[in-house]
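Notes follow once the structure below has been shown.
There are 2 protein chains.
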Amino acid sequence: MSTTTEERLDRTFGALADPTRRAILGRLAEGEASVMELAKPFAMSLPGISKHLKVLERAGLIARGRDRQWRPARLEAGPLKDVAEWTERYRQFWEESYERLDEYLDELQGRGKEQGDGSKR
Amino acid sequence: MSTTTEERLDRTFGALADPTRRAILGRLAEGEASVMELAKPFAMSLPGISKHLKVLERAGLIARGRDRQWRPARLEAGPLKDVAEWTERYRQFWEESYERLDEYLDELQGRGKEQGDGSKR
DNA sequence: GCGGTACTTTACCTTTCAGTTATTTAACAG
DNA sequence: CTGTTAAATAACTGAAAGGTAAAGTACCGC
Chain V
1 MSTTTEERLD RTFGALADPT RRAILGRLAE GEASVMELAK PFAMSLPGIS KHLKVLERAG
61 LIARGRDRQW RPARLEAGPL KDVAEWTERY RQFWEESYER LDEYLDELQG RGKEQGDGSK
121 R
Chain W
1001 MSTTTEERLD RTFGALADPT RRAILGRLAE GEASVMELAK PFAMSLPGIS KHLKVLERAG
1061 LIARGRDRQW RPARLEAGPL KDVAEWTERY RQFWEESYER LDEYLDELQG RGKEQGDGSK
1121 R
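Rendered as structure tokens:
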């Protein structure tokens, strides 16, 4: 039951795989907000928003407070750090493609005449 | 039809929200591999792996080649760059908590006497 | 062509997900 | 206590996800 890193990433990525939930996080980056406030930009019922908040809460991306009849939500970015760290491992691969693109552009510009090119790898 | 950034992020985060698929990407970071090779570590049928590969391909995270009867997959990290950039916006929020922790530790250690501190925010 | 290897596709099943409306709980204002 | 506002919960629906077994496709070696 001890929620492994893998399970945490599952929930975090799962929570982020929805535009409404990402937009809610975007709003919360500006400060905490009530459910009504969070719902305003969306053509969605309140229970719908409530459900999204529960998903975000389960992923640890938000925490809920209490202010009289309001239950404000606030951003908890811890899981996003895990996402950033997971992603970081692949940085070389997307930077690499720019390197290859640069090479290719060099080739086009100047000495463009190596061979017919059978396979990329 | 023009696949917006939002839709691309949906598919990317969605694809990453599964441990099998993340493990496949991890394997592909070491170089391209056939479906059999990719399937080996998992207790899952070949069609299962095939489906996961299709999800990854739709998200643009892998590309498929052809080498005789094999259809090797290779990593395409472009979408991960988008993830890194999306996440970056929230960096201040997870670093912020460490700052507060640092402050707290400073307070405990040495000059613990700024003010009474009524509310955490 | 035939048999084997490496997949992909199809058809199906079960579980989860995103959304709804209707009902219930909680906190306040008179 | 009554009514109103804020939100959560329940019950339901349709669609998508994740898995399987079985059939189909593509390529190779002989």
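Sequences listed follow chains V and W, in order. Those letters in the first sequence? Residues 1 to 121, per my numbering, in order. Those letters in the second sequence? Residues 1001 to 1121, per my numbering, in order. Ideal Cβ placement from N, Cα and C applies to all residues, glycine included.
Answer yes or no: do leucine 61 (chain V) and threonine 12 (chain V) have a C-beta to C-beta separation smaller than 8 angstroms?
The sequence position of residue 61 (chain V) within the first sequence is 61, counting from 1. The sequence position of residue 12 (chain V) within the first sequence is 12, counting from 1. Yes, these two residues count as a Cβ contact at 8 angstroms.
Any idea which residues DSSP pairs isoleucine 1062 (chain W) with across the strands?
For the purposes of this step, residue 1062 (chain W) is identified with residue 62 of the second sequence, where counting begins at 1. Per DSSP, W:Leu1075.
Output the distance between the C-alpha atoms of valine 83 (chain V) and alanine 1084 (chain W), rounded to the nearest integer angstrom.
Counting from 1 along the first sequence, the entry for residue 83 (chain V) is found at position 83. Counting from 1 along the second sequence, the entry for residue 1084 (chain W) is found at position 84. If I take the Cα positions, the gap works out to 8 angstroms.
Could you have a look at aspartate 1067 (chain W) and say whether DSSP puts it in helix, strand or coil?
One-based indexing of the second sequence puts residue 1067 (chain W) at position 67. Reduced to three states, the DSSP call for aspartate 1067 (chain W) is strand.
Would you say the beta carbon of glycine 60 (chain V) comes nearer than 7 angstroms to a heavy atom of the ligand GTP?
The ligand GTP is absent from the structure shown, which contains no ligand whatsoever.
Per-residue DSSP class, three states only, for alanine 33 (chain V):
Your numbering for residue 33 (chain V) matches position 33 in the first sequence. Three-state DSSP puts alanine 33 (chain V) in a strand.
Give the straight-line distance between the Cα atoms of glutamate 37 (chain V) and leucine 56 (chain V), rounded to the nearest whole angstrom.
On the first sequence, residue 37 (chain V) is found 37 positions in, with the first residue counted as 1. On the first sequence, residue 56 (chain V) is found 56 positions in, with the first residue counted as 1. The straight-line gap from Cα to Cα measures roughly 16 angstroms.
Go ahead and pull the three-state DSSP assignment for aspartate 1015 (chain W).
Taking the first residue of the second sequence as 1, we reach residue 1015 (chain W) at position 15. As written in the sequence, residue 1015 (chain W) is alanine, which differs from the aspartate given in the question. Residue state, collapsed to three classes: helix.
For glycine 1014 (chain W) and alanine 15 (chain V), what's the separation of their Cα atoms in angstroms?
For the purposes of this step, residue 1014 (chain W) is taken as the residue at position 14 of the second sequence. For the purposes of this step, residue 15 (chain V) is taken as the residue at position 15 of the first sequence. When rounded, the distance between both Cα atoms is 9 angstroms.
How do the region 40-59 of chain V and the region 1046-1054 of chain W stand: do at least 3 beta-carbon pairs fall below 8 angstroms, yes or no?
no
Taking just the CA atoms, how far does glutamate 1076 (chain W) sit from glycine 26 (chain V)?
Here residue 26 (chain V) refers to the residue found at position 26 of the first sequence. Here residue 1076 (chain W) refers to the residue found at position 76 of the second sequence. Rounded to the nearest angstrom, the two C-alpha atoms are 27 angstroms apart.
I want to verify the contact list: residues of chain V whose CB lies under 7 angstroms from the CB of proline 1019 (chain W), in sequence order.
Within the second sequence, residue 1019 (chain W) is the residue found at index 19, counting from 1. Those within 7 angstroms of proline 1019 (chain W) in chain V are Glu6, Asp10.
Alanine 1063 (chain W) and proline 1079 (chain W) closer than 8 angstroms at C-beta:
What you label residue 1063 (chain W) is simply residue 63 of the second sequence in a count that begins at 1. What you label residue 1079 (chain W) is simply residue 79 of the second sequence in a count that begins at 1. Result no, Cβ atoms of alanine 1063 (chain W) and proline 1079 (chain W) do not sit closer than 8 angstroms.
Indicate the three-state DSSP secondary structure (helix, strand or coil) for leucine 9 (chain V) in the structure shown.
In the first sequence, counting from the first residue as 1, residue 9 (chain V) sits at position 9. The answer is helix: DSSP assigns leucine 9 (chain V) an H, G or I state.
Use the C-beta contact count for glutamate 32 (chain V): other C-beta atoms within 10 angstroms, 16 or more gives buried, fewer gives exposed.
Position 32 of the first sequence, counted from the first residue, corresponds to residue 32 (chain V). Classification of glutamate 32 (chain V): buried, given that the 10 Å Cβ count is 16 or more.
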